[in-house]
Amino acid sequence: MLSWDRVQKVPWCVDVRDFDPQLAEIRFGFGLSPVHGPPESIGQMLEGLSGPDVMQSAFPIESFAKFRSRMVAAQDQNEIRRRNRGTELAAAARKQRNVLNKEARIAMFGWLGQTMLRRTHTQTAFRERIVAFWADHFTARGKRGVIRRGTSPYIEDAIRPFVAGRFEDLLQSAVMHPLMLDYLDQTRAMGPTSARAIKRGPKKPAGLNENLAREVLELHTLGVDGSYTQEDVTQLAELFTGLTFDARNGFKFRKDFAEPGAENVLGVAYGEQPNVKWVRGALSDLAAHPATARHLAWKLAVHFVSDTPDPELIDALEAAYVESDGALTPVYEALLGHPAVWQPTLSNFKLPIDFVSSALRALAIPKESFAEREEKWIGRFFSQPLTRMGQTWERPVGPDGWAEEDFKWITPQGVAARVSWAMAVPVRVKDPLPDPRDFAETALGRFADDAVRFAAASAESRPEAVGLVLMSPAFQRK
Amino acid sequence: MSSSLSRRDFLARTGVIGCSLAASPLLTPVSFAAAPWDTRLVVIILRGGMDGLDVVQPYGDPAFNTLRGSLALGPEGGAYDLDGYFAMHPSLGPLIPMWEAGQLSFVHAVSTPYRDKRSHFDGQDLLEAGTTSMAGVRDGWLNRMLQAVPGVTSQTAYAVGRSDMLLLQGPAEVANWSPDADLSLSPQAARLLEIVTESDPALHAALAEAQILSEVTDDIQKRRKGSHVQIAEFAAARLSDEARIAAFSLNGWDTHGGQPRFMNTALTRLAETLLTLRGKMRGNTWRKTAVVAMTEFGRTARQNGTLGTDHGTGGLMILAGGAIKGGRVFGQWPGLGDGDLYQDRDLMPTGDVRAHAAWVMQSLTGLDRNVLESAVFPGLDMGNDPGLIL
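These protein sequence lines map, in sequence, to chains A and B.
Take the first sequence: its position 116, counted from the start at 1, is 148 in the numbering used here, and no numbers get skipped.
Take the second sequence: its position 301, counted from the start at 1, is 1046 in the numbering used here, and no numbers get skipped.
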């Protein structure tokens, strides 16, 4: 109907299977920016992982240690309520606790903004992607009250500083973090014959909770195909007893919760006497397990390349992990150095948060975009649309994080929500909008095809033209 | 308008008025404190290039039928005969009573100074900037008008709807509002989305299932037709109160193909918008109102090969409201015969839309001609008063 027949279609790109700056930025970052050039080399991408954390300083997010003071304050109000039931004092405390809850929620929306700004303005986008990858691998969220808003602080403390180090350190940091202990029900678990359980007596039965132990084996380390048994899960759950925290002091190992006697996990006996060092030791051993190497290799390949990655790529990542004894940077180096990751056809469908992040990067929204914004504004233009796209901010469905499979995201409701966002929101966050004809080039680089150029030049309005560029396959995939 | 004389004198003495002067209590007559003037101006930007030759069909021009083929309806095809020469598209039928009441008129063969490249964005930029080039321009003519009149408050002018309005951007403070309506994708955007996603079968299929692509665009338009009505209702409410100016956009005019269907959708929305404005304004507000609808360019005089028209030059301006001199087709008709067309393809522009907008503002607010020709539309020659306003 349009004069599209006059436009020649061309293939997206030529088949070069080697490092390519634009592809690096799209596949391993948050897409192209009109301000920040793409990385020049694999070496530069790797260096960007461990250099000074410029984005953390520029767009700070509260540490979990600081976040805990919010939990303490709410806890204090709950305590006042408990002690003064039915009185005005209790009513006032309840009101004050609700205020604290609200403040935490508003803070969470602020961190959403900070996260988006880091992704928009970073010159080391691979770092932000890697942080997001491990934050998803170690998915956790608080269950009740203020701690529900603690995911960003958790990522800030437990994930971000460890992404370029050794996996065992990252594993320990994440698994033993208060947010993870809360999320996977570890805090109240106690050994059936622990000092505490015995003291409580038979009328108040206490016992194990296998949740954390199972997920550590199934999700965080060996993978569901790893050679572990139910007995390993139970033994690890026993070993984990004593891992807990309190809001005032953070992580705490409670010996009186810990099951006495040695636990045998995957054929290794840990600790006669309760001590957190046995937990650390078990996690280190799990990190060093060959199944963990395989599992992480597969996850990285699926996340960064495609739902069905080249088996040779998985082999290479696995080998790098084993050879480097679990150091992560050599694994990333193997990833970026493998020809399979540079296959030039864009493949993985961006998840909604990825899509929105990369749109903001392509638009180069100003650094003060979220400053002074009300919760309602962020809700209307970010958190609610993300929910409609299927990915509620920091509220994944389960501990396995967000699905990687494209088909789970390419749904009628999901893509309709993307269209709505793409057409309506950029004009709210970028003034003036770029000329759509330029935008097609800056946002898509050499992946711009004639169809999108044609659409960008033919749409009736700037917002629609920008939205069309953002909805093009070359922008939706990476 | 009783106080317009003193204001006219005042503006004449001061020449170009900046916003700092406008804000000065010493120079602002007390009588303007509540509202700087009493008339209402609504500016509608028709995005996509409205085909003026289809909306107001010159069926009396001997070349019209030949050029337009099946798009040429004329009175015989159901168009409403306006004056024995021009006929109004049947989809504007709901506006016939407005025409008969003298509250609807048209200006034919008008354009901005924009020529030849026929790009929507460049064309719309120039239309809203009100200048002859975009070099160094960051504000719109309606904002510059606000800077030039005294007594403007943050509630005087409203930019309504989701589209960015260069028209009202600038130093003068303007209120914004948009309805929380569902996405209303123009048919053009739906078609382009189909083209853009064609190479990705999975994405394309999901969009089709979501009924976003063009096969079902008509249904979408029907289901979601609310947003323009919401916009008009909001504008009517504000204008019945202290607002004096409202501006918004209506999309859906880029009729490259399937023009009868898409023109029907777009004109129906336009008619509903105007009827909502009239119906929802309180008291005698409508009688003091002038609605000016303008587009970035007209379309080709000839019908193209896909039952549509392509980007052209000379276009149509639509005026409505109780303050306008209705029931007339204004403008100097250039003809459609051999040698009459611009570059042998487009309706030849014989008037500048900016001059007509300037005369409307001059009549409504008493703003001095010098200000209009220097500050609001720099370098414009307004020419003779076409008498658009009562």
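Yeah, the Cβ is synthetic: ideal placement off N, Cα and C, and Gly gets one too.
Note that the structure is predicted; figures quoted are calculated from it, not measured.
Under the Cβ distance rule, phenylalanine 486 of chain A counts among the residues neighbouring chain B, one pair being separated by less than 8 Å. Taking 8 Å as the CB threshold, phenylalanine 866 of chain B lines the interface with chain A. For the C-beta of glutamine 933 of chain B, the chain A residues within less than 7 Å are, from N- to C-terminus, Ala491, Glu492. A contact between stretches requires three or more CB pairs, one per stretch, nearer than 8 Å, and the segment 68 to 76 of chain A fails this requirement with the segment 140 to 148 of chain A. Of A:Pro84, A:Ile346, A:Pro210, A:Leu298, the smallest CA-CA separation from arginine 280 of chain A is found for A:Pro210. Separation of the CB atoms of tyrosine 260 of chain A and leucine 251 of chain A is rounded to 12 Å, and the pair is thereby denied contact status at 8 Å. Annotation for valine 457 of chain A: Phe413 place their beta carbon closer than 6 Å to its own, counting only its chain and skipping 5 residues before and after. Annotation: Cβ neighbours of threonine 942 of chain B in chain A (cutoff 8 Å, chain order): Met503, Ser504, Pro505. Identification of chain A residues near arginine 792 of chain B by a Cβ-Cβ cut-off of 7 Å yields Glu492, Ser493, ordered along the chain. DSSP, read as helix, strand or coil, puts leucine 213 of chain A in helix.
Boundaries around histidine 853 of chain B are those of the beta strand (DSSP E), 849 to 856, since no alpha helix (DSSP H) includes it. Of all C-beta pairs linking the segment 1010 to 1017 of chain B to the segment 822 to 838 of chain B, three or more are shorter than 8 Å, placing the two stretches in contact. Using a Cβ-Cβ cut-off of 8 Å, glutamine 445 of chain A is close to Ala955 of chain B, given in chain order. Going by beta carbons, threonine 266 of chain A and glutamate 304 of chain A fall outside the 8 Å limit. In terms of Cβ geometry, valine 337 of chain A and valine 373 of chain A form a close pair [threshold 8 Å].
By a beta-carbon distance limit of 8 Å, glycine 1066 of chain B does not contact valine 1098 of chain B. Their separation comes to about 17 Å. Look at the beta carbons and you see the segment 482 to 501 of chain A touching the segment 928 to 942 of chain B: at least three pairs across the two are nearer than 8 Å. The DSSP assignment places complete alpha helix (DSSP H) segments of no fewer than 4 residues inside the segment 889 to 956 of chain B at 932 to 942, 946 to 954, in order along the chain.
Near chain A, meaning a CB-to-CB distance below 9 Å, the residues of the segment 871 to 898 of chain B are Arg883. In the structure shown, alanine 991 of chain B adopts extended strand secondary structure according to DSSP, grouped into three states.
With at least 16 other beta carbons inside 10 angstroms of its own, threonine 942 of chain B counts as buried. Each residue's CA atom was taken as its position, placing serine 878 of chain B and tryptophan 922 of chain B some 29 Å apart.
In the pairwise beta carbon analysis, the segment 1060 to 1075 of chain B is classified as touching the segment 844 to 852 of chain B: at least three pairs are separated by under 8 Å. C-alpha of glycine 1043 of chain B to C-alpha of glycine 1096 of chain B: approximately 13 Å in a straight line.
Boundaries of the beta strand (DSSP E) around arginine 785 of chain B: 785 to 791. Excluding residues up to 5 positions away in sequence, His335 lie with their Cβ nearer than 6 Å to the Cβ of phenylalanine 165 of chain A in the same chain. With contact defined as three or more Cβ pairs closer than 8 Å, the segment 1012 to 1025 of chain B and the segment 980 to 993 of chain B are in contact. Secondary structure at glutamine 267 of chain A: helix, using DSSP grouped into helix, strand and coil.
With at least 16 other beta carbons inside 10 angstroms of its own, alanine 480 of chain A counts as buried. As the crow flies, the alpha-carbon of glycine 118 of chain A is around 14 Å from that of glutamine 109 of chain A. Going by C-alpha positions, leucine 418 of chain A is about 14 Å away from lysine 408 of chain A.
Ranked by Cα distance from threonine 1051 of chain B, the first of B:Arg1006, B:Pro807, B:Thr1034 is B:Arg1006. The way I'd put it, the segment 857 to 873 of chain B doesn't touch the segment 1069 to 1078 of chain B; fewer than three beta-carbon pairs between them come closer than 8 Å. Runs of alpha helix (DSSP H) with 4 or more residues, each lying fully within the segment 369 to 405 of chain A, are found at 384 to 395, listed in chain order. In the assembly as shown, leucine 911 of chain B is a buried residue. Its beta-carbon has 16 or more other beta-carbons within 10 Å.
With fewer than 16 other beta carbons inside 10 angstroms of its own, serine 95 of chain A counts as exposed.
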